[in-house]
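Using the working numbering, the first residue of the sequence shown is number 8, and each one after it goes up by one. In this text, a Cβ means the ideal position worked out from N, Cα and C, and glycines have one as well. Here the structure is a predicted model, which is why all the values come from computation and not from measurement. Worksheet for the structure shown next.
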Amino acid sequence: MWGLFGLVAGGIVLFFVLVSAGMVGYLPKIDELENPIDKYASQVISTDNKLLFTYSQSDDNRIFVDYSDLSPHLIDALVATEDIRYYSHSGIDMIGLGRVIFKTLILSHGESGGGSTITQQLAKLLYSPKANNKLQRAFQKPVEWVIAAKLERFYSKDEIINLYLNKYDFNYNAVGIESAARTYFNKTPNELTIEESAMLIGMLKNSSLYNPVRRPELTKDRRDVVITQMRKAGHLTKHEADSLKQRPIELDFNRSDHIDIIAPYYRQHLAKMMMAKKPERKNYASWQKQQFVEDSISWMEDPLFGWCHKNKKPDGSHYNIYTDGLKIYSTLDYRMQRYAEAAVKEHLGGYLQDQFFREKKGKSYAPYSRDVSDKVDNLMMASVRQSERYRVLKQGGLTEAEIIRNFKEKPVEMKVFSWEHREIDTVMTPWDSIRYHKNFLRTGFMAMDPLTGHVKAYVGGPDFKFFKYDSSTGKRQIGSTIKPYLYTLAMEEGMSPCDGMIHEQVTLMDENGIPWEPRNTRPASREFVSIKWGLQNSDNWVTAWLMKQFSPYAFARMLQSFGLKTPADPVVSLALGPNDASVYEMVGAYSAFVNKGIRIEPLLVTRIEDPHGTEIASFVPRTKEIFSENTSYKMLDMLKGVVDGGTAGRLRRIYNLKGQMGAKTGTTNNNSDGWFMSFTPNLVAGCWVGGEEPTIHFDRMAYGQGASMALPIHGIFYQKVYADSTLNYKDNGMFEIPSDFDPCHDMQRYSPDFYRNEDPVIESEGIDDIFN
């Protein structure tokens with residue numbers, strides 16, 4: 008008997024020696040044990056210290072949290088429930104193990120309790136794959152004991168608890184205690200109450216079974232078991248425990264799926280910026296030459312662009328926002344982002360979209376305009392060929408005709424967008440689905456602090472789940488919002504807001520001697536009008552007359568100085584905005600009017616920290632002086648006039664905004680693009696509204712102009728911002744303009760000779776009588 012006993016004991020010792028040597032089962036290497044969790048989600052934090060969203064690899068949305076940031080209630084509940092002798096053993100609880108062997112194996116008591124310590128449970132989470140049967144699980148146990156013993160040598164008790172809580176999956180992409188606390192209670196771990204801590208610790212037994220969203224009663228029972236264990240361990244009195252058990256589970260559930268989050272377009276843009284690689288021409292299509300140029304410039308000049316590939320971790324590898332647990336401090340304000348998204352929904356979803364549906368109702372060419380009614384099928388085919396479904400079918404070997412039949416003749420179950428219901432379950436053909444979604448107007452809106460460049464709000468479209476394209480960085484024709492840049496050139500060259508012209512048709516000759524005469528919404532009055540009046544009313548003839556005074560090349564260079572990246576053709580018609588730009592670029596450009604001629608580049612991030620709170624990067628505004636301080640005062644005077652008595656008067660009449668503001672409306676040909684740019688002493692904002700394609704637009708100017716499509720989003724946004732007393736924005740701002748500044752101080756003398764020299768045609772129009 009003793010020989011047999013010795014043989015068994017020797018066999019057990021030999022088995023553990025072999026396990027420890029890595030000859031039986033899997034034993035992690037030392038470097039793995041020293042860094043058992045190497046993938047953490049990065050957090051993006053708002054200026055008001057709220058978690059906006061995370062970046063994670065797949066669904067492993069684990070956020071690093073330090074032991075010092077854990078609520079003491081979490082620690083008490085964990086130890087009391089899972090491992091009461093945790094602080095007295097070295098990874099394996101021999102008393103607990105003996106109890107399990109005696110009661111479970113010998114006496115067959117099924118409810119004798121588990122023998123696994125917290126350290127063993129961590130070893131299982133880290134290194135044991137899911138067992139397919141009991142025998143396989145039995146062989147995993149000894150390996151976990153050896154790993155647990157090694158973990159106890161590498162880590163303190165506090166560190167093991169921290170690793171365990173950081174590793175566990177609490178469902179709904181909530182991996183780790185930080186994500187779990189935010190998902191179920193919208194709190195950080197150190198803010199959790201006793202009963203909230205008990206619920207989360209109770210989920211450790213089986214988070215799928217004890218799911219507070221699906222099985223609240225069962226989860227409450229498990230939570231109460233944890234509270235009982237805390238009482239037995241002396242952390243609670245009987246009265247406290249009984250009182251806590253009476254409380255229901257109250258969740259503040261916030262599921263994280265990277266789509267139904269705040270600022271999803273900002274999230275996409277920031278990731279693209281930070282993870283960008285050094286541009287190489289071979290990685291860009293032939294039609295992406297301009298994008299390659301812009302990315303190359305950004306790589307050289309913008310520290311945030313490609314930050315992950317420009318910087319290395321201590322181990323020599325590059326950073327990765329999806330795995331390195333960074334804390335990225337955004338410039339977004341959580342409240343202002345909410346107001347921007349709400350303003351888009353209120354105007355676009357609550358009013359403008361209905362007007363578009365009404366205009367297109369019953370039209371065979373809808374949602375396209377009547378101008379292209381004979382080209383609808385061709386336009387639709389272009390969109391079909393760009394779809395993922397087309398690509399998959401093409402790779403599957405189907406012919407073009409077969410693919411078209413698949414799109415047009417095979418209805419499928421799908422979800423489609425609706426402003427009222429967010430999404431609707433329906434059945435339709437892919438062709439009809441594409442056409443249906445083209446009915447929805449798109450928008451881009453951005454608000455920025457003009458003094459710091461901090462982007463406060465960023466909206467790239469109506470709904471990220473259905474419309475991934477970011478209209479804040481996408482480029483469209485800018486129309487009349489270009490005019491302030493031309494007026495700036497004029498002011499910089501010595502003109503004043505009080506200079507002007509006789510209001511009538513203006514003819515310009517291009518470099519080929521071909522005349523160009525812009526259309527105008529106002530008839531000729533043949534009266535003297537000032538430059539200020541022309542900008543105030545967005546008059547095309549005044550703008551064309553101003554263009555006539557300068558070289559188109561000088562104007563194109565001025566646009567580049569304002570930060571518009573797409574090269575503009577130096578032609579006379581450039582004055583009316585046929586060139587493309589993004590909301591992002593335009594907001595940065597308009598900051599110069601507030602900053603006394605200094606343009607500030609939009610800033611998305613202020614600093615980055617590693618998981619332990621050490622700052623590893625900081626970012627400061629990038630600025631460029633474009634024009635003089637004196638010119639900025641003249642431009643402020645004119646752009647204020649646009650709000651106080653011009654095309655942006657709705658801000659006063661409808662939205663009752665009181666403080667000083669400057670603004671400019673913009674509408675392109677056929678109402679394809681509606682723009683509005685506005686600024687106050689401490690905010691500058693830009694908005695574009697239009698169809699997915701330029702051929703999708705209102706046929707009537709009443710709804711298709713920038714003042715109808717884009718301006719209301721500004722008005723609603725400002726109202727919400729000013730109504731929030733927690734934000735330091737008041738509707739009484741005043742621009743910093745010297746009290747003795749006279750916009751007409753250096754004006755040219757009006758004289759008949761001056762105008763005769765500029766335009767001899769006026770001689771026969773009684774110019775002397777006008778000026779007398």
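Residue i, enclosing alpha helix (DSSP H) - first and last residue
i	result
Leu-170	164-174
Ile-456	According to the sequence shown, residue 456 is Asp rather than Ile. Run containing Asp-456: none; DSSP gives neither H nor E here.
Arg-396	395-402
Lys-317	314-317
Thr-61	Careful: Thr-61 lies outside any alpha helix (DSSP H), inside the beta strand (DSSP E) at 58-62.
Val-728	718-730
Residue from the options with nearest C-alpha to residue i
i	options	result
Lys-370	Ala-714, Glu-743, Leu-718 and Ile-703	Ile-703
Ser-598	Gly-486, Ala-181, Pro-286 and Val-462	Val-462
Tyr-329	Leu-496, Met-435 and Val-51	Val-51
Val-578	Phe-557, Asp-731, Trp-294 and Arg-396	Phe-557
Asp-321	Thr-514, Asp-331 and Met-435	As written in the sequence, residue 321 is Pro, which differs from the Asp given in the question. When only C-alpha atoms are compared, the closest one is Asp-331.
Tyr-372	Gln-360, Asn-385, Gln-362 and Asp-361	Asn-385
Met-282	Gly-313, Gly-467, Asp-302 and Arg-274	Gly-313
Met-455	Asn-602, Leu-243 and Ile-168	Asn-602
Leu-81	Ile-44, Ala-205 and Ala-350	Ala-205
Asp-749	Gly-697, Lys-641, Phe-424 and Tyr-93	Lys-641
His-444	Pro-374, Lys-57 and Thr-195	Pro-374
Lys-352	Met-716, Ile-744, Ser-732 and Tyr-736	Met-716
Ile-335	Phe-626, Trp-426 and Gln-567	Phe-626
His-510	Asp-546, Ser-478, Tyr-494 and Thr-495	Asp-546
Burial state of residue i (16 or more Cβ within 10 Å)
i	result
Thr-480	buried
Gln-755	For Gln-755, the predicted structure reports a pLDDT of 41, less than 50, and the residue's modelled location is therefore unreliable. A value from the coordinates is still provided. Flag for Gln-755 reads exposed.
Gly-13	exposed
Ile-431	exposed
Ala-15	According to the sequence as given, residue 15 is Val; it is not Ala. By the 10 Å Cβ count, Val-15 comes out exposed.
Phe-742	buried
Ile-304	exposed
Asp-517	exposed
Thr-88	buried
Leu-486	The residue asked about is misnamed: residue 486 is Gly in this sequence, not Leu. By the neighbour-count rule (16 or more Cβ atoms within 10 Å), Gly-486 is buried.
Glu-765	With a pLDDT of 36 at Glu-765, under the threshold of 50, the predicted position of this residue should be treated as unreliable, though the coordinate-derived value follows. Exposed, because fewer than 16 other Cβ atoms sit within 10 Å of the Cβ of Glu-765.
Ile-521	exposed
Ile-780	This structure cannot speak to residue 780, because the chain is shown only from 8 to 779.
Ser-182	Reading off the sequence, residue 182 comes out as Val, not Ser. Flag for Val-182 reads buried.
Asn-42	exposed
Pro-469	buried
Val-419	exposed
Asp-753	Residue confidence is low: Asp-753 scores 49 on pLDDT, short of 50, so the model does not pin down where it sits. No coordinate-derived value is stated.
Where the beta strand (DSSP E) through residue i begins and ends
i	result
Trp-682	680-687
Met-508	507-509
Trp-306	Where Trp-306 is concerned, there is no enclosing beta strand (DSSP E), although the alpha helix (DSSP H) it sits in stretches over 296-308.
Tyr-336	334-337
Met-565	Element bounds for Met-565: not the beta strand (DSSP E) but the alpha helix (DSSP H), 559-568.
Val-612	612-616
Gln-512	From DSSP, Gln-512 is part of no beta strand (DSSP E); its letter is neither H nor E.
Through-space distance from residue j to residue i, alpha-carbon basis
i	j	result
Lys-148	Met-101	14 Å
Asp-680	Cys-315	36 Å
Asn-193	Lys-245	29 Å
Ala-596	Leu-216	55 Å
Lys-296	Pro-286	11 Å
Phe-705	Leu-258	45 Å
Leu-11	Val-153	25 Å
Pro-719	Gly-711	13 Å
Ser-758	Glu-534	Low per-residue confidence applies at Ser-758: pLDDT is 35, beneath 50, and the placement is therefore not dependable, though the value from the model is reported in the following sentence. If I take the Cα positions, the gap works out to 14 Å.
Glu-366	Asp-587	27 Å
Asn-828	Leu-646	No statement about residue 828 is possible, as the shown extent of the chain runs from 8 to 779 and does not include it.
Trp-9	Asp-90	35 Å
Arg-229	Asp-165	25 Å
Met-592	Pro-310	The identity of residue 592 in the sequence shown is Glu, whereas the question assumes Met. Computed Cα separation, rounded: 17 Å.
Val-649	Ala-292	42 Å
Ala-582	Thr-674	13 Å
Arg-707	Lys-368	14 Å
Ala-270	Ala-188	21 Å
Length at least 4, wholly inside the region 629-689: the alpha helix (DSSP H) runs in chain order: For the alpha helix (DSSP H) assignment, the uninterrupted runs of no fewer than 4 residues enclosed by the region 629-689 are, from N- to C-terminal side, 636-652 and 657-660.
Secondary structure, beta strand (DSSP E): runs of 3+ residues fully inside the region 324-381: If we require 3 residues or more, the beta strand (DSSP E) runs fully inside the region 324-381 come out as 334-337.
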